[in-house]
Amino acid sequence: MTSSAIARSTRHIIWDWNGTLLDDNDAVVAAVNKVCAAFGCEHIDLERWRAVFGRPLHRSYEHVLGRALGEHDWTRIEKLYHDAYRELLPTCGLAHGVPEKLRAWIDSGRTQSLLSMWFHDELVPLVETFGLNALFTRIDGLRAEIGGGSKADCLTEHVTVLGIDPAETVLIGDVADDAHAAERVGADCVLLTTGVMARPALEATGFPVVDSITEALETVEAEAAA
Numbered sequence: 001m002t003s004s005a006i007a008r009s010t011r012h013i014i015w016d017w018n019g020t021l022l023d024d025n026d027a028v029v030a031a032v033n034k035v036c037a038a039f040g041c042e043h044i045d046l047e048r049w050r051a052v053f054g055r056p057l058h059r060s061y062e063h064v065l066g067r068a069l070g071e072h073d074w075t076r077i078e079k080l081y082h083d084a085y086r087e088l089l090p091t092c093g094l095a096h097g098v099p100e101k102l103r104a105w106i107d108s109g110r111t112q113s114l115l116s117m118w119f120h121d122e123l124v125p126l127v128e129t130f131g132l133n134a135l136f137t138r139i140d141g142l143r144a145e146i147g148g149g150s151k152a153d154c155l156t157e158h159v160t161v162l163g164i165d166p167a168e169t170v171l172i173g174d175v176a177d178d179a180h181a182a183e184r185v186g187a188d189c190v191l192l193t194t195g196v197m198a199r200p201a202l203e204a205t206g207f208p209v210v211d212s213i214t215e216a217l218e219t220v221e222a223e224a225a226a
């Protein structure tokens, strides 16, 4: 369902991780710049990355690197990026409002889960380091050796395993992929401007776009009270 408002009967929130609950923009840009350096290109800043970021991801890198990318190039980029990002992960913190706002949602008698496209075996212990695991009914990351893939497929499985009603569910994320995935399964979506996608691209999805975790939950609550 694509609209400027969301359903009034929200009982469950599915949270994205990177760029949503985890403030990792500095790590992302630094990791992208490791790729740029390896390919002999100038460094970029967050605004430049937001301007070119989209799917498929290799096209974003083609814009930044100024060249077409073959399979070997993409394999190299994947390794360069993920190695650099992993090294910088310990410097990342939680978004403002986490975990307080998430605890308040649970205290209201409703539920929430976490779905990320970061690697599952690394995601779960990372979430645990912040003491958040108990706040989620389920945590799912990417169960593959290579990043990317379809979030819609992962969301479909996540919703099925949880046994929740998509009509009573809101996905809160930071990129258009989150909106497309939510639309695929029949859930609603709220998008944050705190990640790596520019506001116009988020607004083009037709879903509500906000600037913080607090605003995202206020959007959900406002519709529930309407």
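Start counting the sequence shown at 1; every next residue gets the next number (UniProt numbering).
Glycine included, each C-beta is placed from N, C-alpha and C at the ideal position.
This one's a predicted model, so the numbers in the text were calculated from it and none came from an experiment.
Whose C-beta lies closer than 6 Å to the C-beta of residue i among residues of the same chain, with five residues either side of it excluded?
| i | result |
| --- | --- |
| residue 232 | The chain is shown only over 1 to 226; residue 232 falls outside these bounds and no answer can be derived. |
Would you mind sorting residue i into buried or exposed? The rule is 16 or more other CB atoms within 10 Å of its CB.
| i | result |
| --- | --- |
| residue 144 | exposed |
| residue 79 | exposed |
| residue 140 | buried |
| residue 166 | buried |
| residue 161 | exposed |
| residue 31 | buried |
| residue 19 | buried |
Does the distance from the CB of residue i to the CB of residue j come in under 8 Å?
| i | j | result |
| --- | --- | --- |
| residue 168 | residue 10 | yes |
| residue 155 | residue 181 | yes |
| residue 210 | residue 216 | yes |
Quick one: Cα of residue i to Cα of residue j, how far?
| i | j | result |
| --- | --- | --- |
| residue 142 | residue 175 | 17 Å |
| residue 13 | residue 45 | 31 Å |
| residue 123 | residue 68 | 31 Å |
| residue 62 | residue 35 | 11 Å |
| residue 3 | residue 214 | For residue 3, the predicted structure reports a pLDDT of 44, less than 50, and the residue's modelled location is therefore unreliable. The matter cannot be settled from this model. |
| residue 1 | residue 43 | The predicted position of residue 1 is uncertain, since its pLDDT is 40 and thus under 50; a value taken from the coordinates is nonetheless stated next. Whole-angstrom Cα-Cα distance: 39 Å. |
Could you tell me which of the options sits nearest to residue i, measuring between CA atoms?
| i | options | result |
| --- | --- | --- |
| residue 48 | 56, 37, 60 and 139 | 60 |
| residue 103 | 131, 83, 84 and 116 | 131 |
| residue 137 | 34, 87 and 158 | 158 |
| residue 75 | 50, 134, 57 and 87 | 57 |
| residue 188 | 200, 202 and 171 | 171 |
| residue 40 | 27, 30, 65 and 25 | 65 |
| residue 112 | 203, 134 and 37 | 134 |
| residue 153 | 91, 184, 220 and 207 | 184 |
| residue 164 | 126, 120, 110 and 200 | 110 |
| residue 222 | 190, 91, 38 and 120 | 190 |
Apart from the five residues on each side of it in sequence, which residues of its chain come closer than 8 Å, Cβ to Cβ, to residue i?
| i | result |
| --- | --- |
| residue 212 | 95, 96, 97, 192 and 194 |
| residue 151 | 115, 117, 177, 178, 180 and 181 |
Give me, in chain order, the residues of the same chain whose beta-carbon lies closer than 7 Å to that of residue i; leave out the 5 immediate sequence neighbours on both sides.
| i | result |
| --- | --- |
| residue 197 | 50, 53, 174, 175 and 176 |
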